[in-house]
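Everything below concerns the one structure shown next.
Protein chains: 2
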Amino acid sequence: MATLAKQMRSNTGLATQLRVSMVRLNRRIRHQQDPGLDVTFTGLAVLAHLSREGDTLIGELAAVEHVRPPSMTRTVAALEAAGFVVRGPHPTDGRQVVVSITDAGQAVIEAERRRRDAWLAQRLAGLTDDEREVLRRAIPIIERLAGRSDPPTDQEDDPR
Amino acid sequence: MATLAKQMRSNTGLATQLRVSMVRLNRRIRHQQDPGLDVTFTGLAVLAHLSREGDTLIGELAAVEHVRPPSMTRTVAALEAAGFVVRGPHPTDGRQVVVSITDAGQAVIEAERRRRDAWLAQRLAGLTDDEREVLRRAIPIIERLAGRSDPPTDQEDDPR
DNA sequence: CGGGAATAGTTAGCCAGGCTAATGAGTTCT
DNA sequence: AGAACTCATTAGCCTGGCTAACTATTCCCG
Numbered sequence: 001m002a003t004l005a006k007q008m009r010s011n012t013g014l015a016t017q018l019r020v021s022m023v024r025l026n027r028r029i030r031h032q033q034d035p036g037l038d039v040t041f042t043g044l045a046v047l048a049h050l051s052r053e054g055d056t057l058i059g060e061l062a063a064v065e066h067v068r069p070p071s072m073t074r075t076v077a078a079l080e081a082a083g084f085v086v087r088g089p090h091p092t093d094g095r096q097v098v099v100s101i102t103d104a105g106q107a108v109i110e111a112e113r114r115r116r117d118a119w120l121a122q123r124l125a126g127l128t129d130d131e132r133e134v135l136r137r138a139i140p141i142i143e144r145l146a147g148r149s150d151p152p153t154d155q156e157d158d159p160r
Numbered sequence: 001m002a003t004l005a006k007q008m009r010s011n012t013g014l015a016t017q018l019r020v021s022m023v024r025l026n027r028r029i030r031h032q033q034d035p036g037l038d039v040t041f042t043g044l045a046v047l048a049h050l051s052r053e054g055d056t057l058i059g060e061l062a063a064v065e066h067v068r069p070p071s072m073t074r075t076v077a078a079l080e081a082a083g084f085v086v087r088g089p090h091p092t093d094g095r096q097v098v099v100s101i102t103d104a105g106q107a108v109i110e111a112e113r114r115r116r117d118a119w120l121a122q123r124l125a126g127l128t129d130d131e132r133e134v135l136r137r138a139i140p141i142i143e144r145l146a147g148r149s150d151p152p153t154d155q156e157d158d159p160r
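Protein sequences, first through last, are from chains U and Y.
1 is the number of the first residue of the first sequence in the numbering used here; add one for each residue after it.
1 is the number of the first residue of the second sequence in the numbering used here; add one for each residue after it.
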């Protein structure tokens with residue numbers, strides 16, 4: 001099966017296939033939203049980031065989620081209104097805004113993560129070990145394609 | 001051992017990682033849209049389906065893309081207004097609507113496929129052969145997770 | 001064979017969450 | 001001190017999901 005020519009040719013369709021399949025699964029996952037929970041999808045992504053990485057600036061959140069600053073401002077405002085994050089001043093730079101997750105936000109992210117992942121985990125359980133291993137190895141590659149290969153870069157407090 | 005509980009737990013972690021990385025790449029890919037092209041993202045998915053599978057009913061399109069019928073009605077209406085599809089009556093069932101791609105639509109899907117490939121090919125070029133192979137094998141699995149039983153067919157090389 | 005149930009699609013209207021442009025406030029540089 | 005830059009925000013637009021309600025057609029059963 002693996003002649004070089006064929007591999008090159010199917011590389012052409014790789015973009016299409018990857019894109020289409022990701023869109024479908026993404027929509028599907030999104031659809032598993034808990035209707036009773038008043039936090040939105042992108043809100044959860046932000047909470048997850050805060051939960052993992054700790055306090056984060058608005059601009060950083062926007063960058064890491066590949067969204068423009070105004071979009072992140074709105075998302076954070078909604079989260080703050082719901083009591084899941086608080087915004088505080090940056091200690092040295094008055095322009096910047098530090099976003100922190102609250103206990104309530106932490107609880108929400110944990111509960112929702114459990115609920116949401118239950119669906120995917122159930123689906124994953126229907127795969128073979130080999131298939132799960134393929135996915136496990138695909139994830140960092142997907143992250144890299146999305147432009148986020150760099151792990152903890154820490155030089156943002158004092159851009160100096 | 002390999003108790004079910006243990007397996008579920010590791011599946012949950014995998015689910016979280018997969019979900020987050022997919023959201024990011026999805027947003028990133030969407031962002032690569034050609035701004036000069038007057039066909040939207042989901043419109044392209046529909047055109048791609050019509051190009052692959054031929055004439056399709058509105059309801060089928062909605063089902064395969066995991067959206068509700070009203071959403072697909074709107075998407076198809078936009079495509080028809082742009083001249084990329086035509087809608088015709090079903091030969092025997094007056095309720096159903098058959099959607100067909102036009103030559104213009106075919107041209108659009110091919111041009112867009114080329115354009116999109118340029119971006120992703122650049123990204124894929126930064127991967128090793130092994131990494132690309134991982135992605136290639138992950139795609140049908142992702143499709144399966146999204147609820148499609150049949151794997152994506154690979155017969156869409158561009159004629160160039 | 002006639003009328004109610006079921007089905008396919010549409011219409012109307014809501015909402016989330018992207019975006020750009022313009023503005024304000026704070027910082028940095030000369 | 002003042003210009004220039006940077007971070008965040010406000011204002012306003014647009015896409016594209018959704019549900020509810022409606023129309024048209026077909027199916028089925030008494």
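Built from N, CA and C at the ideal position, the CB exists for glycine as well.
Compute the Euclidean distance between the alpha carbons of Y:I58 and U:V97, then round it to the nearest angstrom.
So the two alpha carbons sit approximately 47 Å from each other.
So U:R136 contacts chain Y; which residues on that side make the cut at Cβ distance below 9 Å?
Correct list: L14, Q17 and L18.
How would you write the range of the beta strand (DSSP E) that Y:P89 sits in, first residue to last?
Here the beta strand (DSSP E) through Y:P89 covers V85 to P89.
Cut-off 8 Å between Cβ atoms - residues of its own chain near Y:E65, not counting five sequence neighbours on either side:
Excluding sequence neighbours, Y:E65 sits near T42, A45, V46, H49 and M72.
Distance check for Y:A146 and Y:H90, CA to CA, integer angstroms please.
The C-alpha of Y:A146 is placed about 29 Å away from the C-alpha of Y:H90.
Flag U:M22 as yes if its beta-carbon sits less than 8 Å from any beta-carbon of chain Y, otherwise no.
Interface flag for U:M22 against chain Y is set, since a Cβ pair is found closer than 8 Å.
U:Q17 classed as buried or exposed, judged by whether at least 16 other C-beta atoms fall within 10 angstroms
By the 10 Å Cβ count, U:Q17 comes out buried.
Excluding the five sequence neighbours on either side, which residues of its own chain have a C-beta within less than 7 Å of the C-beta of U:R144, listed in chain order?
None.
Is there at least one Cβ from chain Y nearer than 8 Å to U:D150's Cβ?
Residue placement at U:D150 cannot be trusted, given a pLDDT of 35 that sits under 50; what the coordinates show is reported in the next sentence. Using beta-carbon distances, U:D150 does not count as an interface residue toward chain Y, since no partner is under 8 Å.
The beta strand (DSSP E) with Y:V64 in it runs from where to where?
Unbroken run through Y:V64 is the alpha helix (DSSP H), I58 to E65; no beta strand (DSSP E).
Just confirm the distance between the C-beta atoms of U:V134 and Y:V134, as a whole number of angstroms; I'd bet it's less than 8 Å.
Between U:V134 and Y:V134 the beta-carbon gap is near 6 Å, inside 8 Å, which marks them as a contact.
Runs of alpha helix (DSSP H) lying entirely within the segment 67-142 of chain U, each at least 4 residues, in chain order
Every unbroken stretch of the alpha helix (DSSP H) spanning 4 or more residues and falling wholly within the segment 67-142 of chain U is given here in chain order: 69-81 and 103-125.
Examine chain Y for any beta-carbon lying closer than 8 Å to the beta-carbon of U:L47, and answer yes or no.
Among the CB atoms of chain Y, none fall inside 8 Å of the CB of U:L47.
Restricting to Cα atoms, I'd like to know which of U:R28, U:T128 and U:R52 is closest to U:E110.
Checking every option, the nearest Cα to that of U:E110 belongs to U:R52.
DSSP state of U:A45, grouped into three classes?
Of the three classes helix, strand and coil, the one that applies to U:A45 here is helix, per DSSP.
For Y:G242, is the classification buried or exposed, using 16 other Cβ atoms within 10 angstroms of its Cβ as the cut-off for buried?
No statement about residue 242 of chain Y is possible, as the shown extent of chain Y runs from 1 to 160 and does not include it.
Taking only beta-carbon positions, decide if Y:P159 is within less than 8 Å of chain U.
Caution is warranted here: a pLDDT of 28 is assigned to Y:P159, below 50, making its placement in the model unreliable, and the coordinate value is therefore given only provisionally. No, because no Cβ of chain U sits closer than 8 Å to the Cβ of Y:P159.
Tell me whether U:R27 counts as near the ligand NAD, meaning its Cβ is closer than 7 Å to at least one heavy atom of that ligand.
Although the ligand NAD was asked about, the structure shown includes no ligands whatsoever.
My guess is that Y:A15 and U:A121 are in contact by the Cβ rule of under 8 Å, so how many angstroms apart are they, rounded?
Yes, they are in contact, since the Cβ atoms of Y:A15 and U:A121 sit about 5 Å apart, within 8 Å.
Show which residues of chain Y have a CB atom less than 7 Å away from the CB atom of U:L145.
Within 7 Å Cβ-Cβ: L25 and R123.
Within-8 Å CB hit, Y:E131 to chain U:
Output row for Y:E131: interface = yes.
Through-space distance from Y:A118 to Y:E112, alpha-carbon basis
If I take the Cα positions, the gap works out to 10 Å.
Secondary structure of U:T40, DSSP reduced to three states
Correct three-state label for U:T40: coil.
Amino acids of chain U, ordered along the chain, whose beta-carbon sits closer than 9 Å to that of Y:I29
Those within 9 Å of Y:I29 in chain U are A15, L18, R19, M22, V23, L145 and A146.
Hey, is Y:I142's beta-carbon within less than 8 Å of any beta-carbon in chain U?
Using a Cβ-Cβ cut-off of 8 Å, Y:I142 counts as an interface residue toward chain U, since at least one Cβ of chain U sits closer than that to its own.
Beta carbon proximity, U:I139 to chain Y, threshold 8 Å:
Yes, because at least one Cβ of chain Y sits closer than 8 Å to the Cβ of U:I139.
Can you look up U:A146 in the DSSP assignment and give me helix, strand or coil?
U:A146: coil per DSSP, three-state reduction.
Do you know whose CA, among U:E60, U:N26 and U:P140, lies nearest Y:T67's CA?
With the sequence shown as reference, residue 67 of chain Y is identified as Val, and Thr is not the correct amino acid for it. Nearest in C-alpha terms to Y:V67, of all of U:E60, U:N26 and U:P140, is U:N26.
For Y:V39, the nearest candidate out of Y:A77, Y:L61, Y:A63 and Y:R136 (CA to CA)
Of the candidates Y:A77, Y:L61, Y:A63 and Y:R136, the one whose C-alpha sits nearest the C-alpha of Y:V39 is Y:A77.
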